[in-house]
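Visitor:
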């Protein structure tokens, strides 16, 4: 069997850097927002099993509002403040595994299309250590309306890469 690989997609978290590096930095922040994170984890567990949604962010906020007994608007605000904006500062200090950029460059030089996927907005991680410009697509699965391991996320990535 002769299979020609045309593209490679990488998950950011735990693949391009060691998760423990983030967890150590986030721990005090996590405990400061413990009740939120406990409920948010339950919401994400539901979302991991949900079919693609036309408005992922709205559904996520509705689920959290039910879990925390708060308004949908307040849930939106908490998610945005604590997750989407609040975690940005922690990623600035995370270092990728050694030789990640060289690996991406070698793949690109070999003619492969590259993609980065994340279950959170990749913008949280800046330009992902200089890797984003080397990629055909950088995609947050939330923007697809579903979280990994939904095949829809990978299909969307393939469609954007045109593989």
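In the numbering used here, the protein residues as written are 899 to 1061.
Here a beta-carbon is modelled for each residue, glycine too, at the ideal position from N, C-alpha and C.
1) Ignoring anything shorter than 4 residues, give me the alpha helix (DSSP H) runs that lie fully in the stretch 928–962, in order along the chain.
2) Is there a Cβ of chain D sitting closer than 8 Å to that of residue 1028, yes or no?
3) Does residue 1024 pass the burial test, meaning 16 or more other C-beta atoms within 10 Å, or should it be called exposed?
4) Within the chosen definition, does the stretch 1013–1023 reach the stretch 979–987 through at least 3 CB pairs nearer than 8 Å?
5) Span of the alpha helix (DSSP H) holding residue 905?
6) Anyone know if the C-beta pair for residue 991 and residue 1028 falls short of 8 Å?
7) State the DSSP-derived secondary structure class of residue 920, mapped to helix, strand or coil.
8) Does DSSP classify residue 1062 as helix, strand or coil?
Guide: Straight from the coordinates:
1) Within the stretch 928–962, the complete alpha helix (DSSP H) segments at least 4 residues long are 932–945, listed from N- to C-terminus.
2) This model lacks chain D altogether; it includes just one protein chain.
3) Around the beta-carbon of residue 1024, fewer than 16 other beta-carbon atoms lie within 10 Å, marking it exposed.
4) The stretch 1013–1023, when compared against the stretch 979–987, does touch it at the 8 Å Cβ threshold.
5) It is not in any alpha helix (DSSP H) - residue 905 instead sits in the beta strand (DSSP E) that spans 905–909.
6) Result no, Cβ atoms of residue 991 and residue 1028 do not sit closer than 8 Å.
7) DSSP places residue 920 in helix when its eight states are reduced to three.
8) This structure cannot settle anything about residue 1062, because the visible part of the chain is limited to 899 through 1061.
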